[in-house]
Amino acid sequence: MMLNISQRKTVKHWATGLFAWLVALILFFPILWMIMTSFKTELQAISQPPLLFWETTFDNYILIQERSDYLKYAFNSLYTSVGGTLLALIIAVPSAYAMAFFPGKYTKDILLWMLSTKMLPAVGVLIPIYMITQMGGLLDSIYPLILIFALMNLPIIMWMLFTYFKEIPKEILEAARMDGATTRDELRHIVMPLSWGGIASAGLLSLILCWNEAFWSIQLTASDAGTLAALIASYSSPEGLFWAKVSAASTMACAPIIVFGWFCQKQLVQGLTFGAVK
Amino acid sequence: MSTLNISALHKHFDDFHAIRGINLNIEEGEFVVFVGPSGCGKSTLLRLIAGLEDVSGGNISLGDRDITEVPAAQRDLAMVFQSYALYPHMNVAENMSFSLRLAGASKEEIAKKVADTAAILQLEKLLDRKPKALSGGQRQRVAIGRAIVRHPSVFLFDEPLSNLDAALRVQMRQELAALHQRLKATMIYVTHDQVEAMTLADKVVILNAGQVEQVGTPMEVYYNPESRFVAEFIGTPKMNFFPMDDLVTNYLNNNPKVDRNLEAAAWIGARPESIMLDKKGMFGTVTLIERLGAETLVYLNYCDQYQVAIRASSLAPVELGETIEFGLDLEQVHSFDDQGNRLSPAITGDLIKAL
Numbered sequence: 000m001m002l003n004i005s006q007r008k009t010v011k012h013w014a015t016g017l018f019a020w021l022v023a024l025i026l027f028f029p030i031l032w033m034i035m036t037s038f039k040t041e042l043q044a045i046s047q048p049p050l051l052f053w054e055t056t057f058d059n060y061i062l063i064q065e066r067s068d069y070l071k072y073a074f075n076s077l078y079t080s081v082g083g084t085l086l087a088l089i090i091a092v093p094s095a096y097a098m099a100f101f102p103g104k105y106t107k108d109i110l111l112w113m114l115s116t117k118m119l120p121a122v123g124v125l126i127p128i129y130m131i132t133q134m135g136g137l138l139d140s141i142y143p144l145i146l147i148f149a150l151m152n153l154p155i156i157m158w159m160l161f162t163y164f165k166e167i168p169k170e171i172l173e174a175a176r177m178d179g180a181t182t183r184d185e186l187r188h189i190v191m192p193l194s195w196g197g198i199a200s201a202g203l204l205s206l207i208l209c210w211n212e213a214f215w216s217i218q219l220t221a222s223d224a225g226t227l228a229a230l231i232a233s234y235s236s237p238e239g240l241f242w243a244k245v246s247a248a249s250t251m252a253c254a255p256i257i258v259f260g261w262f263c264q265k266q267l268v269q270g271l272t273f274g275a276v277k
Numbered sequence: 000m001s002t003l004n005i006s007a008l009h010k011h012f013d014d015f016h017a018i019r020g021i022n023l024n025i026e027e028g029e030f031v032v033f034v035g036p037s038g039c040g041k042s043t044l045l046r047l048i049a050g051l052e053d054v055s056g057g058n059i060s061l062g063d064r065d066i067t068e069v070p071a072a073q074r075d076l077a078m079v080f081q082s083y084a085l086y087p088h089m090n091v092a093e094n095m096s097f098s099l100r101l102a103g104a105s106k107e108e109i110a111k112k113v114a115d116t117a118a119i120l121q122l123e124k125l126l127d128r129k130p131k132a133l134s135g136g137q138r139q140r141v142a143i144g145r146a147i148v149r150h151p152s153v154f155l156f157d158e159p160l161s162n163l164d165a166a167l168r169v170q171m172r173q174e175l176a177a178l179h180q181r182l183k184a185t186m187i188y189v190t191h192d193q194v195e196a197m198t199l200a201d202k203v204v205i206l207n208a209g210q211v212e213q214v215g216t217p218m219e220v221y222y223n224p225e226s227r228f229v230a231e232f233i234g235t236p237k238m239n240f241f242p243m244d245d246l247v248t249n250y251l252n253n254n255p256k257v258d259r260n261l262e263a264a265a266w267i268g269a270r271p272e273s274i275m276l277d278k279k280g281m282f283g284t285v286t287l288i289e290r291l292g293a294e295t296l297v298y299l300n301y302c303d304q305y306q307v308a309i310r311a312s313s314l315a316p317v318e319l320g321e322t323i324e325f326g327l328d329l330e331q332v333h334s335f336d337d338q339g340n341r342l343s344p345a346i347t348g349d350l351i352k353a354l
């Protein structure tokens with residue numbers, strides 16, 4: 000069958016759309032399956048072939064809330080994520096300012112070195128960090144987590160802010176200096192307002208990375224300071240996997256950050272692609 | 000009160016010796032222009048005065064206050080940048096009042112000063128616009144307004160007009176001159192444009208390779224350049240130079256002696272207007288004629304290797320390719336030694352001194 004140009008365009012349009020939906024579905028499928036499983040009983044969850052239709056139950060959610068206080072874990076996640084991100088930003092903003100506007104001979108090297116720390120497998124420093132935390136009597140406390148989250152995200156935040164600050168013409172800061180601005184004034188009245196979008200997206204990214212962090216949360220916390228990652232992990236026990244309960248816990252852990260990410264997606268995309276397209 | 004004093008100033012950038020021992024005195028209320036070719040250190044010198052660069056050696060003092068080590072923010076100087084450097088997130092009024100707000104001025108004081116300044120610069124209607132909604136000339140005005148608002152001891156201008164188009168540049172130049180008349184403030188102005196230097200300056204400072212070549216009024220540096228560098232740099236077309244060979248010696252001998260001791264020179268310099276087509280004795284081939292209307296510029300090839308520019312009358316009867324005879328106004332020529340230093344005593348006219 001021969002198609003004219005406009006028909007061919009329509010087909011192409013639909014084909015592209017279909018493909019995009021397919022990819023999206025593949026990416027989204029595990030999450031969908033997780034949510035579906037969370038509304039099944041443990042038996043339904045492991046039935047073969049998998050059930051596509053079943054009687055939904057909220058038992059898993061109720062059980063989890065009974066066995067472990069969801070809100071406590073959620074707040075721990077919130078405190079550590081926000082705390083870690085704020086701490087990282089407080090350190091990163093002045094440092095990125097110094098590196099962007101007063102670069103020295105080794106500024107580039109320092110930036111690269113900072114990034115290289117991200118290549119170190121976390122487990123490589125597990126023992127020293129565990130020992131230090133233990134000696135400080137800070138196991139199962141949110142404070143070492145906040146510190147670790149901040150340090151963990153510092154290189155990425157530094158890089159993002161550095162790139163953003165670099166975009167500010169040097170003369171504007173010099174003009175501010177001639178106008179009588181101290182370094183703090185420059186940061187407060189010029190640099191931060193001008194790169195507000197960049198600081199926001201760096202912060203958002205860090206929040207998400209902190210929220211999803213599992214390794215250190217699981218290693219360093221138990222019941223008191225446990226984050227949502229630790230909550231999920233607590234449902235995979237030696238006595239056997241409880242798929243439905245793990246799914247319910249995971250769904251509850253993911254939900255807040257997914258909603259949050261949904262609302263901030265524009266900011267995030269802009270932040271991550273910054274410099275790529277100008 | 001606020002005399003600016005620079006003594007033995009040096010600046011090194013790693014291996015590069017940008018400023019090489021500059022001594023300079025700038026009186027209160029003077030309009031001083033730093034001029035020189037690119038890379039001569041004029042902008043660096045301004046930035047050193049501003050405090051935007053660290054001094055490697057020497058001293059800067061303002062009045063009886065040594066400001067060599069004082070941070071830029073506390074020097075009481077205002078600067079206008081070539082790129083305007085307006086704060087993009089603030090409107091015109093906020094841009095102008097930023098320094099006052101930092102200094103903690105009262106709301107009434109800020110409002111009054113901004114209004115006064117806006118009136119001087121005709122910015123009243125633009126006060127709540129953001130910089131990106133302004134034209135180049137308006138931006139430049141805001142940048143100047145930002146400086147005026149503060150009533151600084153000294154204004155610093157770093158090539159402020161070079162981003163403007165030609166017509167606007169002339170207009171802003173005249174406005175700056177009027178502003179200086181009105182504020183009677185000390186202004187230091189960096190430019191590579193000698194027209195700006197000649198028209199704005201009370202005092203021109205000509206810089207070359209990090210050193211001061213000459214300091215003087217515009218007329219002094221034009222009529223009495225102390226070195227061949229200054230002679231060549233100031234004036235368009237450039238001053239012409241003749242080697243002191245047999246030909247020129249002959250020419251000097253054949254003309255009525257002037258008491259200026261020109262014979263000892265290695266080079267004779269003559270401005271395009273000091274070369275006369277109605278005088279005799281030297282020859283050249285016409286290579287280019289530029290008829291500008293009010294005058295005609297004639298370019299000659301002299302002795303097959305020197306280009307000579309002559310400022311001739313509007314309707315001068317010259318033709319391309321012809322060989323013409325010309326002569327020098329020996330009262331007005333300059334003589335330089337091999338090193339480019341001036342030999343002949345200055346041309347002393349009462350008129351030049353008065354200007």
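These protein sequences, in sequence, are chains A and B. In terms of numbering that gives the first Met the number 0, the first sequence opens at residue 0 and continues consecutively. In terms of numbering that gives the first Met the number 0, the second sequence opens at residue 0 and continues consecutively. The beta-carbon is built from N, C-alpha and C at its ideal position, and this holds for glycine as well.
Comparing C-alpha distances from Leu163 (chain B) to each of B:Tyr83, B:Pro316, B:Thr67, B:Gly38 shows the shortest one belongs to B:Tyr83. Taking a Cβ-Cβ cut-off of 9 Å, the neighbours of Glu173 (chain A) in chain B comprise Arg46, Ala49, Leu51, Ala71, Met78, Phe80, Ala84, given in sequence order. Taking 8 Å as the threshold, the shortest C-beta distance from Ser313 (chain B) to chain A does not fall below it.
Ranked by how close their Cα comes to the Cα of Asp277 (chain B), the residues B:Val211, B:Pro70, B:Ile309 have B:Ile309 in first place.
For Ser6 (chain B), no CB of chain A lies under 8 Å from its own CB, so it is not counted at the interface with that chain. Contact of Leu101 (chain B) with chain A by beta-carbon distance below 9 Å involves Ala175, Asp178, Gly179, Ala180, Thr181, Asp184, His188. Nearest to Val79 (chain B) by C-alpha distance, out of A:Arg66, A:Ala175, A:Tyr69, A:Ile156, is A:Ala175.
Within the region 85 to 96 of chain B, Leu85, Tyr86, Pro87, His88 place their CB atoms closer than 8 Å to a CB of chain A, listed in sequence order. The bridge partners DSSP lists for Leu50 (chain A) come to none. DSSP, reduced to helix, strand and coil, places Lys279 (chain B) outside both helices and strands of the structure shown, so it counts as coil. Only those residues of the region 104 to 116 of chain B whose C-beta falls short of 7 Å from the nearest C-beta of chain A would be listed, and there are none. DSSP lists B:Pro242, B:Phe335 as the beta-bridge partner residues of Trp266 (chain B).
Any Cβ of chain B closer than 8 Å to the Cβ of Glu170 (chain A) would place that residue at the interface, and such an atom is present. Under the 8 Å criterion on CB atoms, Ser98 (chain B) is classed as interfacial with respect to chain A.
The alpha-carbon separation between Phe262 (chain A) and Ala201 (chain A) amounts to approximately 15 Å. At least one C-beta of chain B is nearer than 8 Å to the C-beta of Pro192 (chain A). In the three-state DSSP reduction, Ala221 (chain A) falls in the coil class, being neither helix nor strand. Per the DSSP secondary-structure output, Asn22 (chain B) pairs with nothing in a beta bridge.
One alpha carbon belongs to Leu111 (chain A), the other to Leu85 (chain A), and they sit about 23 Å apart.
A Cβ-Cβ distance of about 5 Å is found for the pair Tyr78 (chain A) and Ile141 (chain A), placing them in contact under the 8 Å criterion.
Listed in chain order, the non-local C-beta contacts of Val317 (chain B) below 8 Å within the same chain comprise Leu276, Val285, Ile288, Thr295, Val297, Ala311, Ile323, local neighbours out to five positions each way being set aside. When DSSP states are grouped into helix, strand and coil, Ala84 (chain B) belongs to the coil group. The bridge partners DSSP lists for Gly56 (chain B) are B:His9. Cβ-Cβ distances below 8 Å link Ala17 (chain B) to Lys10, His11, Gly40, Thr43, Gly209 in the same chain, with the five nearest sequence neighbours on each side left out; the list follows chain order. Closest by C-alpha distance to Ala315 (chain B), out of B:Asp328, B:Gln338, B:Arg290, B:Gln331, is B:Arg290.
Cα atoms of Met159 (chain A) and Gly197 (chain A): separation of roughly 7 Å, rounded to the nearest angstrom.
One Cα belongs to Gln43 (chain A), the other to Ile30 (chain A), and the distance between them is close to 18 Å. In this structure, B:Phe282 is the residue among B:Ser313, B:Gly292, B:Leu319, B:Phe282 with its C-alpha nearest to the C-alpha of Asp303 (chain B). Under DSSP, Arg341 (chain B) shares a beta bridge with B:Phe335. In this structure, the CA atom of Leu193 (chain A) is about 8 Å from the CA atom of Pro87 (chain B).
Val10 (chain A) counts as exposed, since fewer than 16 other beta carbons sit within 10 angstroms of its beta carbon. By the criterion of a C-beta distance shorter than 7 Å, Leu125 (chain A) is surrounded in its chain by Gln218, once the five residues flanking it on both sides are discounted. Rounded to whole angstroms, Asp192 (chain B) and Val34 (chain B) show a C-alpha spacing of 7 Å.
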